[in-house]
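One structure is given here, and the rest of the page talks about it.
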Amino acid sequence: MTLISFSRDKFIPSDEVSLNVRGNYLSVTRGYQVFTFFKTTNNGVPVFLDDHVDRIVGNAQAMNMNLSFSKKDIKGLVHQTLGKNDFSNGECNVMIIFAGKAPDDISGLVSSQEVDLFIVTSPIKKYPKESYQNGISLGLYEFERIDAEVKTPYTYYGGMKAHRSLVHEGPFDEVLYISKDEILEGTTFSFFIVKHGTVITSKLDGRILGSVTRKNLLRIMDNQKIEHSESIIAIDDLKSSSEAFIASANRDLIPVVSINGNQIGSGKIGPMYEKLMNLYQQELLKINI
27 MTLISFSRDK FIPSDEVSLN VRGNYLSVTR GYQVFTFFKT TNNGVPVFLD
77 DHVDRIVGNA QAMNMNLSFS KKDIKGLVHQ TLGKNDFSNG ECNVMIIFAG
127 KAPDDISGLV SSQEVDLFIV TSPIKKYPKE SYQNGISLGL YEFERIDAEV
177 KTPYTYYGGM KAHRSLVHEG PFDEVLYISK DEILEGTTFS FFIVKHGTVI
227 TSKLDGRILG SVTRKNLLRI MDNQKIEHSE SIIAIDDLKS SSEAFIASAN
277 RDLIPVVSIN GNQIGSGKIG PMYEKLMNLY QQELLKINI
């Protein structure tokens, strides 16, 4: 199946979308780019689109980007793009990208031009069933992203190094960042523990990404009156945690059974994870526009 994307000002096959090294110089060589990533559900309906558009526009403003399009324009183009794709054989992933253009100053660092807009569709990435059925292992890595609240390429290099060391060449399934004996977030996911019946995730203090999945999971817990907290998670807290799990746009929720080789709780999938995963899946089924 040929997927269709939006590239700058037209719809083209996804395989033909590209950045121009000179035309998008700041994006390619300086990392002057913001993006957001999500999936579709229910035959091509974007998941939490409003939240993703709000975040990417907020990130663009934080990076002083000039935009020629509004939030309404972006949402409309996402729906137009998805309308040109066939979902009879399954869903897809979507990435919205704002890419910087060529600089217009002598330093090669600043551009007054409006950024390019891309809405790129790709085959949906599916994680192994075993991860959901048996749980996964995490390795700890000392790293704190700069500008962590902005979803931009230059903040991911540390994750690339960590993943190669601990996953590709190591014994773990995923990587969890730590800083000064505190748990922060994963390379591409949010992290949660369950301690004394309360679900805990790191607070938004500028050191982690404001994950859309995290935001909506917290909203679900609010609505269901499930005890939860946004607070510091110390590495020592893992010893007294009965459960742990990760969450992201493409993974939904995946249980964690060990961290750095140490068992979490019983080492099996816990009841809180099962409850929240069920509630989250129900939430996705309700999305229809």
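Counting in the working numbering, the sequence shown runs from 27 upward without gaps.
Quick reminder that beta carbons are idealized off the backbone N, C-alpha and C, glycines included.
- Only residues of its own chain outside the window of five on either side were considered, and among them V60, T62 and I122 have a CB closer than 6 Å to the CB of I82, listed in chain order.
- Of the candidates Y158, F169, C118 and K151, the residue whose Cα lies closest to the Cα of I145 is C118.
- Rounded to whole angstroms, the gap between the alpha carbons of I246 and R48 is 45 Å.
- For the pair of segments examined, the stretch 103-119 was found to touch the stretch 66-81: the number of CB pairs separated by less than 8 Å reaches three.
- Annotated three-state conformation of V83 is helix, per DSSP.
- Here the alpha carbons of R233 and Y58 stand approximately 20 Å from one another.
- The three-state secondary structure of I315, taken from DSSP, is coil.
- Shown here, Q289 sits in a strand according to DSSP, grouped into three states.
- Non-local C-beta neighbours of S53 in its own chain, meaning closer than 7 Å and more than five positions away in sequence, comprise L45, Q59, A125 and G126, ordered along the chain.
- Contact annotation: V225 and H254 have beta-carbon atoms nearer than 8 Å.
- One Cα belongs to D207, the other to K152, and the distance between them is close to 32 Å.
- If you look at Q250, you'll find it isn't in any alpha helix (DSSP H); DSSP assigns it neither H nor E.
- Looking at the DSSP output, V43 bridges to nothing.
- Distance from T213 to H194 at the Cβ level is roughly 12 Å; contact not present, criterion being Cβ atoms closer than 8 Å.
- Here I100 is buried, its C-beta having at least 16 other C-beta atoms within 10 Å.
- Annotation for I313: T67, N68, V71 and V73 place their beta carbon closer than 7 Å to its own, counting only its chain and skipping 5 residues before and after.
- In the DSSP assignment, L135 falls outside any beta strand (DSSP E) and carries neither an H nor an E.
- G196 sits exposed, since fewer than 16 C-beta atoms from the chains shown fall within 10 Å of its C-beta.
- Boundaries for N160: no beta strand (DSSP E) harbours it, while the alpha helix (DSSP H) harbouring it runs K155 to N160, taken from the DSSP string.
- Contact check for G165 against V201 passes: the beta carbons are separated by less than 8 Å.
- Secondary structure at G165: strand, using DSSP grouped into helix, strand and coil.
- According to the DSSP secondary-structure assignment, N242 is paired through a beta bridge with no residue.
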